[in-house]
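Residue numbers (my numbering): 2 to 97.
A virtual CB, placed ideally from N, CA and C, is assigned to each residue, including glycine.
The structure under discussion appears below in the form of structure tokens.
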């Protein structure tokens with residue numbers, strides 16, 4: 002049996018340039034808000050680490066360190082989403 006989707010490529014251009022513009026802005030806004038929230042979380046965790054270190058509370062400092070690691074990874078991943086998606090599309094698309 003032949004693949005009925007052979008040669009078919011996803012294209013949202015059929016919905017018009019207005020739709021393309023709107024969805025790109027919405028996704029960009031969501032991406033920006035997520036990145037900003039992650040940066041705020043990272044700054045708060047780093048400040049909490051510093052405060053707990055000054056207060057001599059090693060357990061709380063370790064907890065804040067874990068929060069900072071997670072927030073740092075989130076910032077890195079969100080900042081590189083474009084590169085990651087581009088690489089996946091390059092590999093899946095065969096470099097076209």
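Taking the alpha carbon of residue i as the reference point, which residue from the options has its own alpha carbon closest?
i, options, result
"residue 41", "72, 15, 82 and 32", "72"
"residue 74", "43, 92 and 85", "43"
"residue 47", "15, 68 and 58", "68"
"residue 83", "65, 28, 20 and 60", "28"
"residue 37", "87, 59, 6 and 77", "77"
"residue 70", "26, 15 and 39", "39"
Does DSSP put residue i in a helix, in a strand, or in coil?
i, result
"residue 54", "helix"
"residue 59", "helix"
"residue 81", "coil"
"residue 43", "helix"
"residue 21", "helix"
"residue 9", "coil"
"residue 68", "helix"
Report the CB separation of residue i from residue j in whole angstroms; it is logged as a contact under 8 Å.
i, j, result
"residue 62", "residue 53", "4 Å"
"residue 32", "residue 90", "Contact doesn't hold; Cβ gap of about 17 Å is too wide."
"residue 4", "residue 14", "Rounded, the Cβ-Cβ distance is 23 Å, inconsistent with contact."
"residue 65", "residue 55", "Not really, about 12 Å apart at Cβ, beyond 8 Å."
Any heavy atom of the ligand ATP closer than 8 Å to the beta-carbon of residue i?
i, result
"residue 70", "You won't find the ligand ATP in this model; it holds no ligand whatsoever."
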